[in-house]
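Q: My questions all concern the structure below.
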Amino acid sequence: PGNIREIKGIAISSHLEQRRVSERMVKKCEAVLKVDGYDAQIKEIYDTTSIQEGAALALFSRSDTGCIIGSDRAGKPGRSSEEIGRFVAKKWLQDIQTGATVDRYLADQLIIYAALAEGNTEYHIPRMTEHVETNLWLVNRILGAKTTLKDNHLKIEGIGFK
């Protein structure tokens with residue numbers, strides 16, 4: 057996966073500036089990352105154009121080998137800004153620490169494209185999920201693509217769909 061070159065993010069909240077929701081999400085996320093030696097540039101945005109209150113935090117990093125790993129979470133009633141910030145940072149750290157070349161959200165979404173492509177596609181996933189398992193089963197059964205997964209290293213032999 058390479059070394060992390062940059063970590064960026066966006067914390068957006070609508071109609072929640074008085075409660076400093078974006079600021080609080082950012083502070084908690086940055087504090088959790090800092091414990092493991094990471095610095096992030098997360099932009100705080102306060103929006104008033106939406107119809108109702110809401111919040112979300114998204115974090116993404118780029119490595120010197122081009123790998124992009126992301127993590128995000130939306131707010132909901134009863135979910136604190138700090139909980140969102142902590143969750144996003146912890147999930148990002150978990151994926152980074154596995155040596156994965158894609159994050160948990162992208163791992164299953166790439167499978168169909170890799171199966172349709174010509175040639176082999178290989179990448180490391182953070183962990184096996186039901187979505188990954190289901191998509192591997194589907195591309196094998198429907199497309200006839202061959203897949204192997206060993207120690208979270210996924211290889212997909214594409215069918216060369218034209």
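For what it's worth, this note's numbering labels the leading residue of the sequence shown as 57, then goes sequentially. Built from N, CA and C at the ideal position, the CB exists for glycine as well.
For my contact list, residue 171 and residue 215 are in at a C-beta cut-off of 8 Å; report their separation, rounded to the angstrom.
A: Within the sequence shown, residue 171 is the residue found at index 115, counting from 1. Within the sequence shown, residue 215 is the residue found at index 159, counting from 1. With 8 Å as the limit, residue 171 and residue 215 qualify as a contact, their Cβ atoms being about 6 Å apart.
Q: What distance in whole Å lies between the Cβ atoms of residue 114 and residue 81, which are believed to be in contact at a cut-off of 8 Å?
A: For this step, residue 81 is matched to residue 25 along the sequence shown. For this step, residue 114 is matched to residue 58 along the sequence shown. Wrong, their Cβ atoms sit about 10 Å apart, outside the cutoff.
Q: With 16 other CB atoms within 10 Å as the buried threshold, where does residue 109 fall?
A: Counted from its first residue, the sequence shown places residue 109 at position 53. Exposed: under 16 other Cβ atoms inside 10 Å.
Q: Determine whether the beta carbon atoms of residue 127 and residue 103 lie at a separation below 8 Å.
A: Your numbering for residue 127 matches position 71 in the sequence shown. Your numbering for residue 103 matches position 47 in the sequence shown. Against a cut-off of 8 Å, the Cβ pair of residue 103 and residue 127 comes out as no contact.
Q: From residue 192 to residue 167, what does the alpha carbon distance come to, in whole angstroms?
A: Within the sequence shown, residue 192 is the residue found at index 136, counting from 1. Within the sequence shown, residue 167 is the residue found at index 111, counting from 1. Approximately 7 Å between the Cα atoms of the pair.
Q: Quickly, what does DSSP pair residue 106 with across the bridge? List them, please.
A: Here residue 106 is taken as the residue at index 50 of the sequence shown, counted from 1. Beta-bridge pairing links residue 106 to no other residue.
Q: Measuring straight from C-alpha to C-alpha, what distance separates residue 157 and residue 208?
A: Sequence index remark: in the sequence shown, residue 157 carries index 101 (1-based). Sequence index remark: in the sequence shown, residue 208 carries index 152 (1-based). C-alpha separation (whole angstroms): 10 Å.
Q: What residues are listed by DSSP as bridge partners for residue 177?
A: Position 121 of the sequence shown holds residue 177. Answer by DSSP bridge pairing, in chain order: 212.
Q: With DSSP as the reference, label residue 185 as helix, strand or coil.
A: Residue 185 sits at position 129 when you count from the first residue of the sequence shown. Residue 185 falls in the coil class under three-state DSSP.
Q: Assuming residue 86 is part of the beta strand (DSSP E), what are its boundary residues?
A: As a working mapping, residue 86 is identified with position 30 in the sequence shown. Residue 86 -> not in any beta strand (DSSP E); alpha helix (DSSP H) instead, spanning 77-91.
Q: Do the segment 77-96 and the segment 136-153 meet, that is, are 3 or more Cβ pairs less than 8 Å apart?
A: yes
Q: In three-state terms, what does DSSP make of residue 142?
A: Taking the sequence shown and counting its residues from 1, one reaches residue 142 at position 86. Helix.
Q: Given this structure, state the Cα-to-Cα distance separating residue 98 from residue 62, to the nearest angstrom.
A: The sequence position of residue 98 within the sequence shown is 42, counting from 1. The sequence position of residue 62 within the sequence shown is 6, counting from 1. Approximately 11 Å, taken between the alpha carbons.
Q: Closest to residue 194 by CA distance: which of 176, 175, 218, 169 is it?
A: For the purposes of this step, residue 194 is taken as residue 138 along the sequence shown, with counting starting at 1. Among 176, 175, 218, 169, the Cα nearest to that of residue 194 belongs to 169.
Q: Can you tell me whether DSSP reads residue 128 as helix, strand or coil?
A: By 1-based counting over the sequence shown, the position of residue 128 is 72. Three-state result, residue 128: strand.
Q: If you draw a straight line from the C-alpha of residue 107 to the C-alpha of residue 129, how long is it?
A: Numbered from its first residue, the sequence shown carries residue 107 at position 51. Numbered from its first residue, the sequence shown carries residue 129 at position 73. Near 20 Å, if we compare the C-alpha coordinates of residue 129 and residue 107.
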